[in-house]
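In my numbering, the protein residues as written are -19 to 389. Think of the CB as a built atom: it goes at the ideal place given N, C-alpha and C, for glycine as much as any other residue.
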């Protein structure tokens, strides 16, 4: 249990840190991508303006300089701004390409890309290392392609650096969390150890007066045979003795290694032995107990503890199952896992809260449970035994009338 607690602490801490790092990396890169794309679109809009000025200049006039435009990146913009402009007629056919600001272009490839852009009715997008923008005009269509190789490389570099940094940070935090996790849960472990020690010591201290009360009640019974007060004393003493014994046993199940000497045994034979002991008890209460146990199932664990788990489930079914109902025990292997299932019909008007059935001292019907002699910690012990063997136990309802307890290993 303590190991699982530490694992859950580490898992929770790393899940929270991982989510924060994921959001941080995604946010930084998404913001960087948006800022970069907006800047590219602003530059494309500026080049559109530059193209209008260039086309409207008088014959023989000097072409405008990019460095003179308000959006230009300094006096070197004529050499650093690489783009070309494609002019198409109204039918989408390539007319000419203005490529003074780029070294070379493949006209056939550009023609195919221009046809693809126009057929898709796209206004903006990417093609290879270029960001393009389309402008519709009366005389045709103008497509401007801006080389954004450096910007795209910076986007990829930031993504790579942020992801690597996040992964390295995750590994460092994981190592630190594992290192300090023992110290973080130390107060809880200390309180837990005190609680277990108190339960164990109290259990031993209570056994002596309980034995004395039981002995005195036996003597009184010989003198006052049939006295209801003596019977009640004996009944409550026996119940208190079982409760103390169960509490001590449950406290031991919370230890780091509750079953240090696990061994392979036939869980099929263990189930048969346990079921036979409850067959007569079920029949005495007018209930039917059936078994469907797969043969030769091997399991590594504590045989007595597994039988205790089955005894708890069968005892609950016998005590609280509906009159005349069928108590069914199933043991089988499925997908390399061993399933132990105990089902019984329930005669209550409403199925209890199944999530709370495994809580200590929880009893859906206090009066009925007390009459049946239950202590309210049996299912808690069953869950502790299952978890100590690396399994889990659950409860579910079928048709609102049948309760099924299932332990999976």
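Taking residue i as part of the beta strand (DSSP E), name the residues at either end of that continuous run.
{"i": "residue 244", "result": "243 to 246"}
{"i": "residue 281", "result": "278 to 281"}
{"i": "residue 60", "result": "First-last for residue 60: 57 to 60, but that is the alpha helix (DSSP H), not the beta strand (DSSP E)."}
{"i": "residue 323", "result": "317 to 325"}
{"i": "residue 313", "result": "306 to 314"}
{"i": "residue 46", "result": "First-last for residue 46: undefined, no H or E at that position."}
{"i": "residue 378", "result": "372 to 378"}
{"i": "residue 79", "result": "Unbroken run through residue 79: none, as it is neither H nor E."}
{"i": "residue 267", "result": "First-last for residue 267: undefined, no H or E at that position."}
{"i": "residue 408", "result": "The structure shown does not extend to residue 408, since the chain is modelled only from -19 to 389, so the question has no answer here."}
{"i": "residue 64", "result": "63 to 68"}
Out of the options, which one is the CA nearest neighbour of residue i?
{"i": "residue 189", "options": "366, 224 and 244", "result": "224"}
{"i": "residue -5", "options": "150, 193 and 83", "result": "150"}
{"i": "residue 213", "options": "227, 222, 203 and 198", "result": "198"}
{"i": "residue 285", "options": "367, 185 and 10", "result": "367"}
{"i": "residue 272", "options": "242, 299, 311 and 253", "result": "311"}
{"i": "residue 0", "options": "67, 147 and 202", "result": "147"}
{"i": "residue 221", "options": "245, 243 and 191", "result": "191"}
{"i": "residue 23", "options": "95, 128 and 38", "result": "128"}
{"i": "residue 161", "options": "362, -13, 373 and 336", "result": "-13"}
{"i": "residue 245", "options": "281, 262, 210 and 270", "result": "281"}
{"i": "residue 17", "options": "100, 109, 38 and 32", "result": "109"}
{"i": "residue 247", "options": "4, 307, 317 and 208", "result": "317"}
{"i": "residue 309", "options": "33, 242, 384 and 302", "result": "384"}
{"i": "residue 180", "options": "202, 229, 163 and 207", "result": "229"}
{"i": "residue 136", "options": "10, 56, 307 and 303", "result": "10"}
{"i": "residue 91", "options": "319, 83, 167 and 122", "result": "122"}
{"i": "residue 303", "options": "163, 263 and 210", "result": "263"}
State the start and end residues of the unbroken alpha helix (DSSP H) segment that holds residue i.
{"i": "residue 151", "result": "129 to 164"}
{"i": "residue 364", "result": "358 to 368"}
Is residue i near residue j, with beta carbons less than 8 Å apart?
{"i": "residue 338", "j": "residue 323", "result": "no"}
{"i": "residue 142", "j": "residue 8", "result": "yes"}
{"i": "residue 153", "j": "residue 279", "result": "no"}
{"i": "residue 20", "j": "residue 111", "result": "yes"}
{"i": "residue 59", "j": "residue 125", "result": "no"}
{"i": "residue 388", "j": "residue 371", "result": "yes"}
{"i": "residue 97", "j": "residue 87", "result": "no"}
{"i": "residue 267", "j": "residue 321", "result": "no"}
{"i": "residue 290", "j": "residue 254", "result": "yes"}
{"i": "residue 411", "j": "residue 250", "result": "No statement about residue 411 is possible, as the shown extent of the chain runs from -19 to 389 and does not include it."}
{"i": "residue 75", "j": "residue 81", "result": "no"}
{"i": "residue 156", "j": "residue 183", "result": "no"}
{"i": "residue 325", "j": "residue 288", "result": "no"}
{"i": "residue 165", "j": "residue -15", "result": "yes"}
{"i": "residue 113", "j": "residue 28", "result": "yes"}
{"i": "residue 95", "j": "residue 107", "result": "no"}
{"i": "residue 69", "j": "residue 100", "result": "no"}
Could you tell me whether any Cβ in chain C is nearer than 8 Å to the Cβ of residue i?
{"i": "residue 268", "result": "Checking the listed chains, one finds no chain C in this structure; it contains a single protein chain."}
CA-CA distance, residue i and residue j?
{"i": "residue 104", "j": "residue 44", "result": "25 Å"}
{"i": "residue -7", "j": "residue 364", "result": "25 Å"}
{"i": "residue 117", "j": "residue 54", "result": "30 Å"}
{"i": "residue 216", "j": "residue 260", "result": "25 Å"}
{"i": "residue 195", "j": "residue 159", "result": "54 Å"}
{"i": "residue 348", "j": "residue 219", "result": "Only weak support exists for where residue 348 lies, its pLDDT of 49 falling under 50; the value from the coordinates is given anyway. Residue 348 and residue 219: Cα-Cα distance of roughly 15 Å."}
{"i": "residue 6", "j": "residue 15", "result": "14 Å"}
{"i": "residue 376", "j": "residue 274", "result": "22 Å"}
{"i": "residue 357", "j": "residue 294", "result": "15 Å"}
{"i": "residue 145", "j": "residue 138", "result": "10 Å"}
{"i": "residue 299", "j": "residue 200", "result": "30 Å"}
{"i": "residue 265", "j": "residue 173", "result": "42 Å"}
{"i": "residue 314", "j": "residue 362", "result": "21 Å"}
{"i": "residue 13", "j": "residue 175", "result": "56 Å"}
{"i": "residue -10", "j": "residue 335", "result": "25 Å"}
{"i": "residue 185", "j": "residue 177", "result": "12 Å"}
{"i": "residue 34", "j": "residue 133", "result": "31 Å"}
{"i": "residue 243", "j": "residue 205", "result": "49 Å"}
{"i": "residue 168", "j": "residue 379", "result": "41 Å"}
{"i": "residue 31", "j": "residue 89", "result": "22 Å"}
{"i": "residue 374", "j": "residue 4", "result": "38 Å"}
{"i": "residue 83", "j": "residue 62", "result": "9 Å"}
{"i": "residue 306", "j": "residue 297", "result": "9 Å"}
{"i": "residue 25", "j": "residue 56", "result": "19 Å"}
{"i": "residue 209", "j": "residue 319", "result": "45 Å"}
{"i": "residue 257", "j": "residue 270", "result": "12 Å"}
{"i": "residue 102", "j": "residue 38", "result": "32 Å"}
Can you list, in chain order, the stretches of the alpha helix (DSSP H) that have 4 or more residues and sit fully within the segment 82 to 131? 87 to 100
Going along the chain, which unbroken runs of the beta strand (DSSP E) with 3 or more residues stay wholly within the segment 178 to 230? none
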